Amino acid sequence: MTTRVAIVGGTGKLGGVIREVVEAEDGYEVAAVLGSQSDLAELDGADLVVDASTPAVSIDVVRAAIDRGLNVLVGTSGWSNERIALVRPLAEAAGTGVVFIPNFSLGSVIGSALAAAAAPFFPSIEIVEAHRDTKVDSPSGTAVRTAELIASARADVGPVESPHVDQRARGQRVASVPIHSLRRPGVIARQETVLSGAGESLTIVHDTIDPTTAYAPGVRIALAAAREARGVTIGLDSFIDIGVRTRPVETGAPVSDGDVSGQVASATSA
Numbered sequence: 064m065t066t067r068v069a070i071v072g073g074t075g076k077l078g079g080v081i082r083e084v085v086e087a088e089d090g091y092e093v094a095a096v097l098g099s100q101s102d103l104a105e106l107d108g109a110d111l112v113v114d115a116s117t118p119a120v121s122i123d124v125v126r127a128a129i130d131r132g133l134n135v136l137v138g139t140s141g142w143s144n145e146r147i148a149l150v151r152p153l154a155e156a157a158g159t160g161v162v163f164i165p166n167f168s169l170g171s172v173i174g175s176a177l178a179a180a181a182a183p184f185f186p187s188i189e190i191v192e193a194h195r196d197t198k199v200d201s202p203s204g205t206a207v208r209t210a211e212l213i214a215s216a217r218a219d220v221g222p223v224e225s226p227h228v229d230q231r232a233r234g235q236r237v238a239s240v241p242i243h244s245l246r247r248p249g250v251i252a253r254q255e256t257v258l259s260g261a262g263e264s265l266t267i268v269h270d271t272i273d274p275t276t277a278y279a280p281g282v283r284i285a286l287a288a289a290r291e292a293r294g295v296t297i298g299l300d301s302f303i304d305i306g307v308r309t310r311p312v313e314t315g316a317p318v319s320d321g322d323v324s325g326q327v328a329s330a331t332s333a
């Protein structure tokens, strides 16, 4: 049976990659392509919703899908752990599934998992992430996810050491981890996790060079998983065995989204 997919943000960069995968994959067809300003009534008639819109619109897309009894795959940045907590009871009550994928790249998922595995052994950890200058939100969803995995991995040893974080130039703390965001031309996506201890430092770097080839395999995995999902699932690593075990991130209490445009991590700032 063919799964009819409605893609919100389907004309954007990530949305375009997702659209190409859906069109090429057996068992799927594009039912609708919506922009960020489209009427969400256009979701009617779809079997699955894929959200690649903007942080400001994404929450409305997810709620509209749940209201219609549709599963939804979310690739949009802007979903901190606490913000996801707002959606979890809605999905559970409706019996639908919501799959959040901070990054569709296998290399990125492995990099975040390696950072979490190393985190208990290094007292100082900071993240530097860079994206093209057209990315509207910061920190990136991948950086937020990495910081939350690091904090979960350090549950027994405590938060990371991050001196002088009262100074704005020290970055924004997410789950105690300082994150520094660069937005500039000439880069697609890059993340460095720098772990430091006495007399040594370990840096884990991931670069996205070609989004289409980097994201397409993860999109295929996520589409198949989202079609059958129930409740809330976070991360591509939930569906593949990468050989690195990480502690699940505890969901915090729901909080207000606030009024800060493009700021995705305010809810998890320590």
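For the sequence shown, the working numbering gives the first residue as 64, with consecutive numbering after it.
Heads up, the beta-carbon is just placed ideally off N, CA and C, and yes, glycines get one too.
Remember, it's a predicted structure, so these values are computed and weren't measured experimentally.
Option in the options with minimal Cα separation from residue i
i: GLY73; options: VAL124, ILE305, ARG151; result: VAL124
i: HIS269; options: ALA285, GLY262, VAL250, GLU263; result: VAL250
i: GLY221; options: ASP273, GLY170, GLU211, ASP229; result: GLU211
i: ILE284; options: LEU265, ASP304, ILE272; result: ASP304
i: ILE267; options: VAL240, ARG253, ARG67; result: ARG253
i: ARG67; options: ALA94, ARG82, ILE81; result: ALA94
i: ASP200; options: ALA69, PRO118, SER264; result: PRO118
i: SER168; options: PRO280, THR65, LEU153; result: PRO280
i: SER301; options: SER264, PRO248, VAL161; result: VAL161
Beta-carbon spacing of residue i, residue j below 8 Å
i: ALA182; j: ILE188; result: yes
i: THR205; j: GLU224; result: no
i: ILE242; j: ILE173; result: no
i: ALA176; j: THR296; result: no
DSSP three-state assignment for residue i, whether helix, strand or coil
i: SER225; result: coil
i: SER201; result: strand
i: ILE190; result: strand
i: ASN166; result: coil
i: LEU77; result: helix
i: ILE70; result: strand
i: ARG236; result: strand
i: THR271; result: strand
Identified DSSP bridge partners for residue i
i: GLY294; result: GLY160
i: THR266; result: VAL257
i: SER337; result: Residue 337 lies beyond the range of the chain shown here (64 to 333); nothing can be said about it.
i: ASN134; result: LEU111
Expected contact under 8 Å - CB spacing of residue i and residue j to nearest Å
i: SER121; j: GLY141; result: 6 Å
i: ILE164; j: LEU299; result: 6 Å
i: VAL282; j: VAL84; result: 5 Å
i: ALA104; j: ILE129; result: Between ILE129 and ALA104 the Cβ distance is about 15 Å, and since that is not below 8 Å, they are no contact.
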